[in-house]
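Just so you know, we're using the working numbering here: the sequence shown kicks off at 12 and counts up by one.
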Amino acid sequence: MRRVKNVVRAVSSSYLAIAANIVFTAMSVPLALQYLSRAEFGLWAVATQIAGYAGIIDFGMAIAFARALIDHKDNKETGQFGATITTGGVVFVVQGLLVLLIGWLCSPLLPGLMAIPAGLSRNFQILVVGQCGITAFVFATRVLGSPLYAYQRQDVYNYMTALMFLIGLGFQWLGFAWGWGVFSLLFSNGIGAVLTACIGFTVTCRMSLWPKRGQWGRPNFKSFWEMCGFGKDVFLLTVGNQLLNASQVVIVSRIMGLDAAAIWSVCNKAMMVGQQLVSRVFDFSEVALSEMYVRHEHKRLVDRLKDIVMITASMSVFAAVSLAVCNGSFVTVWTSGKVGWGPLNDWLLGAMLMVFTTTRCHTHFVIVTKHTGRMKYIYFMEGVVFVITAALLVSGWGFAGLFVAAIGCDILFSGIYGMHRTAQFARLGSWEVWTWLYPPLKF
12 MRRVKNVVRA VSSSYLAIAA NIVFTAMSVP LALQYLSRAE FGLWAVATQI
62 AGYAGIIDFG MAIAFARALI DHKDNKETGQ FGATITTGGV VFVVQGLLVL
112 LIGWLCSPLL PGLMAIPAGL SRNFQILVVG QCGITAFVFA TRVLGSPLYA
162 YQRQDVYNYM TALMFLIGLG FQWLGFAWGW GVFSLLFSNG IGAVLTACIG
212 FTVTCRMSLW PKRGQWGRPN FKSFWEMCGF GKDVFLLTVG NQLLNASQVV
262 IVSRIMGLDA AAIWSVCNKA MMVGQQLVSR VFDFSEVALS EMYVRHEHKR
312 LVDRLKDIVM ITASMSVFAA VSLAVCNGSF VTVWTSGKVG WGPLNDWLLG
362 AMLMVFTTTR CHTHFVIVTK HTGRMKYIYF MEGVVFVITA ALLVSGWGFA
412 GLFVAAIGCD ILFSGIYGMH RTAQFARLGS WEVWTWLYPP LKF
């Protein structure tokens, strides 16, 4: 019952965070378009995506660190839980410095590579360096609230996220009012990152989730290599994910221009919110599933996974059809007709949401078991093939080419292989795992 309570609390609070995100997005995009040109808004979208590639420097250590905390939280007295925290803290500070350094060194080269107009190139460099600086700070401080994850208190993060969206909107408006233009978005993100770190640390202390005196271990290579062992596998998954998700607006900007990047960024917002709504069921069950795996509760783990896949897939069908029918009208009203695209793109957007969220349950299940197998290579290959295919199709088909490339690669690579891996773990035939999708398909 404790696990069910924690999962329900985490999922329900996540919807509060999503509601805050909806309010933030609904108000921030029209606000930004009021003060910025479409090209400037596209500039921010591209700079953010470029900075997102800095996440590759994580080398899978964040996921490996969080998973290691779950492994050791039941045995605090050995000192390994505390040693994992201190070792992770050192690793994340070093990674943060690397992110900042690489962002600073690469920024002069990026305007030419991304075909940024000469009049905007200087602002683009500042945005990239600034966003990399914020990312570096997030890296260096991520350990401050880490025990919340291990103890299944993700609801605290969700409440913080909801609060940060509302605070961020206020600071974004202040930046525009003070005449900071596109840098107002950078200012808002920076304030949010600092407040999140401070609140996370304070709440963790108040809840007494840190190891007690005498249970703290020093940073050591044993903990480091334990995280590296799993982290190196997660790294390829991370690279593949970056190629799939962080390259979309970059491809659009490079081939179709900054105006098209702005259109993609705005018209894609509803899909991103829908994806969050659907994916939350699995995301906030992941810790409980990992705990079942650590404690060798195999049958219960398989039963819960089946329930989660069926619920996620059913929700994705409803979200996908709603998106396909409503997104075009919503964007037109939302942006007062300044931004829009054809109805075919809305249907493809809905199809992408449905495919991505359903297959994700199987691809991310490897994090629960810590046995990635060939999945890391499959996911990386999917990312590479997607970038090449999308670049070719976008030139002739526009946005539709990007959707076709994304949906096709997801099904043919990680989708099919992920379901095969799930069947192997559950000790079922591959066809039996496919039958989990019957109720969603009927729906």
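Glycine included, each C-beta is placed from N, C-alpha and C at the ideal position.
Coil, strand or helix - residue i by DSSP
i	result
Ala257	coil
Ile81	helix
Glu297	helix
Leu111	helix
Gln136	helix
Met218	coil
Tyr388	helix
Ile126	It should be noted that the sequence gives Ala, not Ile, for residue 126. In this structure, Ala126 counts as coil in the three-state DSSP scheme.
Tyr449	helix
His382	coil
Trp358	helix
Tyr170	helix
Pro49	Checking the displayed sequence, the identity of residue 49 turns out to be Arg instead of Pro. It is helical.
Glu308	coil
His375	coil
Phe454	coil
Phe187	helix
Supposed close pair residue i, residue j - CB separation, criterion 8 Å
i	j	result
Ala273	Val350	7 Å
Pro467	Gln136	The question about residue 467 has no answer, for the chain in this structure spans 12 to 454.
Leu255	Phe397	6 Å
Thr323	Cys278	Actually they are not in contact, since the Cβ atoms of Thr323 and Cys278 sit about 24 Å apart, beyond 8 Å.
Asp166	Ser24	4 Å
Ile29	Val284	6 Å
Val214	Val22	So it is not a contact: roughly 19 Å between Cβ atoms.
Glu51	Val193	5 Å
Phe235	Val154	Their Cβ separation, rounded to whole angstroms, is 14 Å, which puts Phe235 and Val154 out of contact at 8 Å.
Cβ shell of residue i (< 7 Å), same chain only, five flanking positions each side left out
i	result
Phe436	Thr380
Thr207	Met171 and Met175
Val313	Ala437
Phe341	Ala281
Gln332	Here residue 332 turns out to be Val, not Gln, going by the sequence shown. Closer than 7 Å at Cβ, skipping near neighbours: Gly361.
Ser258	Val398
Ser195	Gln183, Gly186 and Phe187
Met321	Trp447, Pro450 and Pro451
Val305	Ile81 and Asp82
Ile319	Val292, Phe293, Ser296 and Cys372
Same chain, Cβ closer than 6 Å to residue i, neighbours up to 5 away in sequence not counted
i	result
Val261	Gln60
Gly394	Gly251, Leu254 and Leu255
Trp227	Gly93
Cα-Cα separation, residue i to residue j
i	j	result
Ser39	Leu334	20 Å
Val415	Val250	21 Å
Ile74	Val444	26 Å
Ile455	Leu109	Nothing can be reported for residue 455, as the shown portion of the chain is limited to 12 through 454.
Leu403	Thr98	44 Å
Thr152	Ile399	35 Å
Tyr64	Leu300	29 Å
Leu10	Phe410	Within the shown structure, residues of the chain are numbered from 12 to 454, placing residue 10 beyond reach of any answer.
Val405	Ala161	42 Å
Gly353	His309	47 Å
Ser296	Arg315	9 Å
Arg164	Phe212	13 Å
Gly240	Ser347	51 Å
Thr146	Trp442	43 Å
Val19	Val344	34 Å
Ile418	Tyr428	15 Å
Asn356	Ala31	26 Å
Phe150	Phe246	15 Å
Asn86	Tyr168	24 Å
Ile210	Tyr390	35 Å
Leu276	Lys223	According to the sequence displayed, residue 276 carries Ser and not Leu. Cα-Cα distance, rounded: 46 Å.
Gly225	Gly156	20 Å
Where residue i falls, given that 16 or more other Cβ within 10 Å makes a residue buried
i	result
Tyr449	exposed
Pro451	buried
Glu88	exposed
His375	buried
Trp358	buried
Val187	Looking at the sequence itself, residue 187 is Phe, so the reference to Val does not match. Under this definition Phe187 is a buried residue.
His83	buried
Met218	exposed
Gln142	buried
Gln45	exposed
Phe232	exposed
Gly412	buried
Gly426	buried
Same chain, Cβ closer than 8 Å to residue i, neighbours up to 5 away in sequence not counted
i	result
Phe329	Phe454
Ile422	Val366 and Thr370
Met125	Val57, Ile61, Phe135, Val261, Ser264 and Arg265
Leu288	Tyr26, Ile29, Met326 and Ala330
Pro230	Ala94, Thr97, Thr98, Gly100 and Val101
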